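> Quick note: to get the working numbering, add 1 to the position in the sequence shown (first position is 1).
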Amino acid sequence: MILRGARAPRNPGGLRLPNARQAPSAKLHLRFTSDTVSSLTCTMKGIMKLITVVGSAGFLGVMVSIGTGLVPFFYLAGPSAFEAWFATYFRYFLIGVLSTSVPAFVGSVALMRRSANGSHERRLWRNTLLGLVFVYAVTTAVHLPLNLALWSFGLSDEAIVTNLGWWSAAHVLRVAGAGFASYSAFRAVLLAKGR
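Printed below as a string of structure tokens:
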């Protein structure tokens, strides 16, 4: 918050008046102006934009990392080695997924609500939200049941390979949804800056 101090009256006689740092008893008069309040609002909106853009771009990065790093490992390790690794370590990827997608989700909802009805900026924030919701929907419909099946240790090697095929194909949709969300958030910020 920006606070403005009231100016002391001019000193026509050339006398040196103490300032607030020199004299502890000197009073500092503060006043709020309308531009101070509006700059605070703009700052909060700017922070939400930053959180949303960084969160959605980070979420895209997590999805790309899973697709380019883990999917090849899933196929190269062999079904039994993959199943053991997946049951032990895959939950740690949830930290990256949640720490990026949740701020992007909250930010896109807040910014969509703060944008004017029918505006292009609002449509872009809505598209960001829709991209994230699409990823959550694919995860809930496809990846969650497959992950639970893989964690059960009750699948044959052939069933593991089949499930990995479905898991990988659906992951392409998650990368596309996260990419769409990130692109829309970036466009909304550029639109607001007038570029």
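Cβ coordinates follow ideal geometry from the N, Cα and C atoms, glycine included.
Note that this is a predicted model, so its numbers are computed, not measured.
To the nearest angstrom, report how far apart Trp152 and Arg115 are at their CA atoms.
In a straight line, the C-alpha of Trp152 is about 42 Å away from that of Arg115.
> Closest by CA to Pro73, which one among Gly166, Leu192, Gly180, Arg127?
Comparing Cα positions, the closest option is Gly166.
> Taking Gly180 and Ala105 to be in contact with their CB atoms under 8 Å, please state how far apart those CB atoms are, rounded to whole angstroms.
Contact doesn't hold; Cβ gap of about 13 Å is too wide.
> List the endpoints of the continuous alpha helix (DSSP H) containing Leu222.
The chain is shown only over 2 to 196; residue 222 falls outside these bounds and no answer can be derived.
> Does the beta-carbon distance from Asn164 to Leu147 come in below 8 Å?
Taking 8 Å as the Cβ cut-off, Asn164 and Leu147 qualify as a contacting pair.
> Among Gly108, Phe87, Ala171, which one has its Cα closest to the Cα of Leu149?
Nearest of Gly108, Phe87, Ala171 to Leu149, Cα basis: Phe87.
> What residue does the alpha helix (DSSP H) around Gly97 start on, and which one ends it?
It spans 94-115 - the alpha helix (DSSP H) in which Gly97 sits, taken as one unbroken run.
> Between Asn118 and Gly79, what straight-line distance do the alpha-carbon atoms span, to the nearest angstrom?
Distance between the alpha carbons of Asn118 and Gly79 is about 53 Å.
> Excluding five sequence neighbours on each side, which residues of the same chain lie with their C-beta closer than 7 Å to the C-beta of Pro25?
In this prediction, Pro25 has a pLDDT of 49, which is less than 50 and means its spatial position is unreliable; nothing more can be read from the coordinates.
> Mapping DSSP to helix, strand and coil, what is Gly79?
If DSSP states are grouped into helix, strand and coil, Gly79 belongs with coil.
> By DSSP, does Leu71 sit in helix, in strand, or in coil?
Helix.
> With H, G and I counted as helix, E and B as strand and the rest as coil, what does DSSP make of Leu192?
Leu192: helix per DSSP, three-state reduction.
> Of all the options Lys46, Glu84, Tyr184, which has the alpha carbon lying nearest to the alpha carbon of Val162?
Val162 has its Cα closest to that of Glu84, out of Lys46, Glu84, Tyr184.
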